[in-house]
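Engineer: Chains as they are written, first to last, in this note's numbering: chain A, 764 to 1119; chain B, 16 to 684. C-beta: ideal position from N, C-alpha, C; glycine also. Here it is, the structure in full.
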């Protein structure tokens, strides 16, 4: 008997919503653009890297992009630390060995002008610095791309964590109601009145020495002070659904709480939660950029857009720094907002909800 | 919710708001005037008691007891360094980075940005080192002085003209109070308590204008080593005692200097302005005339240094420091339109002062860093040569020893260990780090990676850190960068929690360096030395060294946690040395041991300072004095009001002047 995978189908209402989203040209193309950028950042090491893609040396093939470093000695150079592939390419000129470099052959943390002064340099296409270098000779395009990747990791993890906590707590509050709801609501009110940026700065600057600042530590601090946002919506949505007949019917039939919440209530509320996601992404990227701009975010030399903006504003006589960072930030936030508006319009509950 | 529950809630709410409301109705705290009530301490009573309790220190004699064969000096033969024709007047617009947390010059938070203008630059000391002639002092509050090296005593005659800014004369009452004040445990300043207790043996008062100080050791620079202190006004500290910090937080005290503060000029959080005393007692005296010229000295709070640079370029500020390469070469470059139009003048001045000891301080108490080979490897893995050449654009030089800039070489041959990755790898291999991991970092046999955290907290230098990190990779060393804000970072280092830190301690202008604070073992461990009975003691001379000390001593400047008994013996002998030859000989031995211990990586020094100022700010010939560390330290400048009007008109009309980029290297060595 032939084995067939069951075809995964969205339910017809969801299919209609997705089709409607596709019809909103602006949002749809923005979505495709964002997917393209995300794919680019996933393969960033193949596009922007100071490591070569392929090296052929004395008949052997090397693929240095991912994996262990190759020391200079492996390629006949007299030093133990990682080989400089750009110099290697020049050394191999005229020999049967060759090096294929990445399209932009610089890493975001290396000093690209080793024997020259540290100062910002304007874009120089002949050298491969398409957006110029920053104030300590690092390539700006590299820092933008890897910074974008950091921002994406941060914002997607941020969404997963805050929504997980927010949706769970909001749903429970809505379903159980009573004293539980009251108590948690008061807690949430107090917690959400804490001024977010200030307290994140304070906590970030007194992280104990044994832990040190990293993307994950910063993420946990930021999530700790922003999880309350989703609870309001989920709570009221759950209250609304709980009053519906189908939930009463399920209770009468003896369904356990878990089943009612997961099989009945959550699916009906989630479709509208999806509309919040793009705006939360925009907010997360802005928060990370703001913290890095103030110097309280990721430690140096981590590439980040906020750090590039800070360099840009303190080196206004080198306008290419602030221009690149600012344009990139505006561009990404604008397309995310377009996606958000399109989703909101496509998933409009007024068109697709049935009332009893 | 039932009616009963909701009414219970309402009751609860009323009670809570009532509590808050009542607490808000309390009496407003007094803003600063001294309240006299039962709990205010009586300073005079405590002072009288202290004098009775310490008869060895506080001695009162009569003028008939004053020795007659003293060689009184008055320093009048020394050259003037200010321009006596400087014009008084005008408002000088300058900036501070943060509003001071207190107006006190002692106690917590007092070493903030305003202290130089309240005390160090402005207050007149008993005598002061002449800033152009090494080894000589010029008069201050004391008009004459006489040194008696055999008796280890210095005698002083106070200038009868010396007055506080409120008109009261300066007398030996104030000197007696000063010593009581700085030795008092209520002060919350252990360094001052220690200094004024151990460095002075006796204060002898002869009459209201004459006193003498007896010291425990003779020194080559006897007078300047012990006499450059500022006296405190006894009549303004009537309620000094426990809790003085809060009472004196915003109190404006009388001063002997030319500038004072008026209540209305302390604009909290925004600006603070000093006002010149028009009847200042030292106004026409040699060494003080032609100085302290602007009528008002306004310090505006501007937190961002780049915004400060732009304010200066626009003409809102009259002066701005350009020592950092970025500001001299990029922000206010020679080609800047305001510089080319001559509105702003750029000046580079080579000075002769002990240099701050910038460098990497390695905590040798931490595991792995306690191995000498690892430390030497770190020395060779730190490419501060590149930093000097490219970050400072060749302006900076690397320090040769722990104590550069003292007017003589503290060691004839020592110099820094150069950047050399292969040599670093050799030393790391000797310490057991022989394998290179897949990420380029060395590992030892147990798989431990050669990785340390580099703590830094100077915002201007944060851009140099990735350079050090990248270059250290070449030696297989990983430096994890940790940039903290200055308070958190300093606290971490003072608690000895760092592995490696990038910091410098400022050096006072003295004839010879100090080593005790930074290298004596008692500043590293509380249980460094034990006496015969097993009780901890503080010196090598008093006990035996502990081979396995455990208790780290925090809040000291021994940031490398150096504990070498032989070094402590030398440092104690150095502190007791009485002639310059002995000081130099012992100092060289101390430097050698410190070098061999390799816990401090030589950093850099700028042998000059650079400043930009508006063209109407005038300076004496030669621009400044050899021993200045900042252009405004000796207040030699003045504002030419006619030029200022002309410059403002020129900015409006577009008229230009010849560009001025000046270099003064008469003190370059």
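Mind listing which residues of the segment 472 to 483 of chain B have their C-beta closer than 9 Å to chain A's C-betas, in chain order?
Structural biologist: Listed by position along the chain: 474, 477, 478, 479, 480, 481, 482.
Engineer: Would you mind sorting residue 965 of chain A into buried or exposed? The rule is 16 or more other CB atoms within 10 Å of its CB.
Structural biologist: Residue 965 of chain A is exposed by the Cβ-count criterion.
Engineer: Give me the residue from B:408, B:447, B:467, B:515 with the minimum Cα distance to residue 377 of chain B.
Structural biologist: Out of B:408, B:447, B:467, B:515, B:515 has the C-alpha closest to the C-alpha of residue 377 of chain B.
Engineer: Would residue 462 of chain B count as contacting chain A if we go by Cβ distances under 8 Å?
Structural biologist: So no, residue 462 of chain B is outside the interface.
Engineer: Taking just the CA atoms, how far does residue 1065 of chain A sit from residue 188 of chain B?
Structural biologist: Residue 188 of chain B and residue 1065 of chain A: Cα-Cα distance of roughly 60 Å.
Engineer: Assuming residue 1060 of chain A and residue 981 of chain A make a contact with CB atoms under 8 Å, what is their CB distance in whole Å?
Structural biologist: That pair is a contact at about 6 Å.
Engineer: Within 8 Å (strictly less), CB to CB, does residue 469 of chain B reach chain A?
Structural biologist: Answer no: the Cβ-Cβ gap between residue 469 of chain B and chain A never drops below 8 Å.
Engineer: What residues from chain A crowd round residue 666 of chain B, counting only those whose CB sits closer than 7 Å?
Structural biologist: Residues of chain A passing the Cβ test: none, with the nearest at roughly 20 Å.
Engineer: Please list the partners that residue 495 of chain B has in chain A, where partner means a Cβ-to-Cβ separation under 9 Å.
Structural biologist: Under the 9 Å cutoff, chain A gives 975, 1062.
Engineer: Residues in its own chain within less than 6 Å of residue 535 of chain B by CB, not counting five upstream and five downstream?
Structural biologist: Excluding residues within five positions, the ones whose Cβ falls inside 6 Å are 583, 586.
Engineer: On the CB-based measure, 16 or more other CB atoms within 10 Å of its CB, does residue 563 of chain B come out buried or exposed?
Structural biologist: Its Cβ having fewer than 16 others within 10 Å, residue 563 of chain B is exposed.
Engineer: Alpha carbon to alpha carbon, how far is residue 833 of chain A from residue 847 of chain A? Give it in angstroms, no decimals.
Structural biologist: Each residue's Cα considered, the two are about 10 Å apart.
Engineer: Could you check what DSSP says for residue 515 of chain B in three-state terms: helix, strand or coil?
Structural biologist: DSSP places residue 515 of chain B in strand when its eight states are reduced to three.
Engineer: How far does the beta strand (DSSP E) with residue 459 of chain B in it reach, from first residue to last?
Structural biologist: Taken as a continuous stretch (DSSP letters only), the beta strand (DSSP E) holding residue 459 of chain B covers 457 to 459.
Engineer: Should the segment 511 to 525 of chain B be regarded as contacting the segment 455 to 475 of chain B, the criterion being three or more beta carbon pairs within less than 8 Å?
Structural biologist: Verdict: yes, contact present.
Engineer: Among B:88, B:165, B:617, B:630, which residue has its Cα nearest to the Cα of residue 397 of chain B?
Structural biologist: Closest by alpha carbon: B:617.
Engineer: For residue 468 of chain B, which beta-bridge partners are listed by DSSP?
Structural biologist: B:495.
Engineer: Is the shortest distance between the beta-carbon of residue 1080 of chain A and the beta-carbons of chain B less than 8 Å?
Structural biologist: Yes, residue 1080 of chain A counts as interfacial toward chain B.
Engineer: In the DSSP assignment, find the unbroken beta strand (DSSP E) run with residue 73 of chain B in it and report its ends.
Structural biologist: 73 to 75 is the span of the beta strand (DSSP E), which, as asked, contains residue 73 of chain B.
Engineer: Along the chain, which unbroken stretches of the beta strand (DSSP E) at least 3 residues long are found entirely within the segment 212 to 248 of chain B?
Structural biologist: The qualifying runs are 217 to 222, 225 to 229.
Engineer: With DSSP run on the structure shown, which of helix, strand or coil describes residue 376 of chain B?
Structural biologist: Here residue 376 of chain B sits in strand by DSSP.
Engineer: Where in the segment 574 to 645 of chain B do unbroken runs of the alpha helix (DSSP H), each at least 4 residues long, occur, reported from the N-terminal end onward?
Structural biologist: Segments of the alpha helix (DSSP H) lying fully in the segment 574 to 645 of chain B: 580 to 591, 595 to 612.
Engineer: Decide yes or no for the touch test of the segment 400 to 413 of chain B against the segment 499 to 509 of chain B: beta carbon pairs closer than 8 Å, at least 3 of them.
Structural biologist: With the cut-off at 8 Å, the segment 400 to 413 of chain B and the segment 499 to 509 of chain B do not touch.
Engineer: Taking the C-alpha atoms as reference points, what is the distance between residue 372 of chain B and residue 632 of chain B?
Structural biologist: Distance between the alpha carbons of residue 372 of chain B and residue 632 of chain B is about 32 Å.
Engineer: Which same chain residues end up closer than 8 Å to residue 572 of chain B when comparing Cβ atoms and leaving out the 5 residues on each side of it in sequence?
Structural biologist: Excluding sequence neighbours, residue 572 of chain B sits near 520, 532, 533, 538.
Engineer: Using 10 angstroms around the beta-carbon of residue 923 of chain A, count the other beta-carbons present and answer buried if the total reaches 16, otherwise exposed.
Structural biologist: By the 10 Å Cβ count, residue 923 of chain A comes out exposed.
Engineer: Which residues, in order along the segment 829 to 844 of chain A, keep a beta-carbon less than 8 Å from a beta-carbon of chain B?
Structural biologist: Those would be 830, 831, 832, 834, 842, 843, 844, in chain order.
Engineer: Determine the direct distance from the alpha carbon of residue 316 of chain B to that of residue 1056 of chain A, and round the result to whole angstroms.
Structural biologist: Approximately 21 Å, taken between the alpha carbons.
Engineer: I'd like to know if residue 808 of chain A contacts chain B, where contact means its C-beta is closer than 8 Å to some C-beta of that chain.
Structural biologist: Taking Cβ atoms only, chain B never reaches closer than 8 Å to residue 808 of chain A, which makes this a no.
Engineer: By Cβ distance below 8 Å, which residues in the same chain neighbour residue 986 of chain A in space, the five residues on each side in sequence not counted?
Structural biologist: Same-chain partners within the cutoff: 921, 924, 925, 928.
Engineer: Apart from the five residues on each side of it in sequence, which residues of its chain come closer than 7 Å, Cβ to Cβ, to residue 860 of chain A?
Structural biologist: Once the five neighbours on either side are set aside, the close Cβ partners of residue 860 of chain A are 819, 820, 821.
Engineer: With burial defined as no fewer than 16 other Cβ atoms inside 10 Å of the residue's Cβ, what is the status of residue 575 of chain B: buried or exposed?
Structural biologist: Residue 575 of chain B comes out buried.
Engineer: Which of the residues in the segment 436 to 452 of chain B, read from start to end, lie with their CB under 9 Å from any CB of chain A?
Structural biologist: Against chain A - using a Cβ distance shorter than 9 Å - the residues of the segment 436 to 452 of chain B are 436, 437, 440, 451, 452.
Engineer: May I have a chain-ordered list of the alpha helix (DSSP H) segments no shorter than 4 residues that lie completely inside the segment 872 to 948 of chain A?
Structural biologist: Runs of the alpha helix (DSSP H) inside the segment 872 to 948 of chain A: 903 to 939.
Engineer: Verify the CB distance criterion: does residue 575 of chain B have a CB-CB separation below 8 Å to chain A?
Structural biologist: Not closer than 8 Å to any Cβ of chain A, the Cβ of residue 575 of chain B fails to qualify, so no.
Engineer: Mind checking residue 778 of chain A: buried by the 16 CB within 10 Å criterion, or exposed?
Structural biologist: The residue is exposed, with fewer than 16 neighbouring Cβ atoms inside 10 Å.
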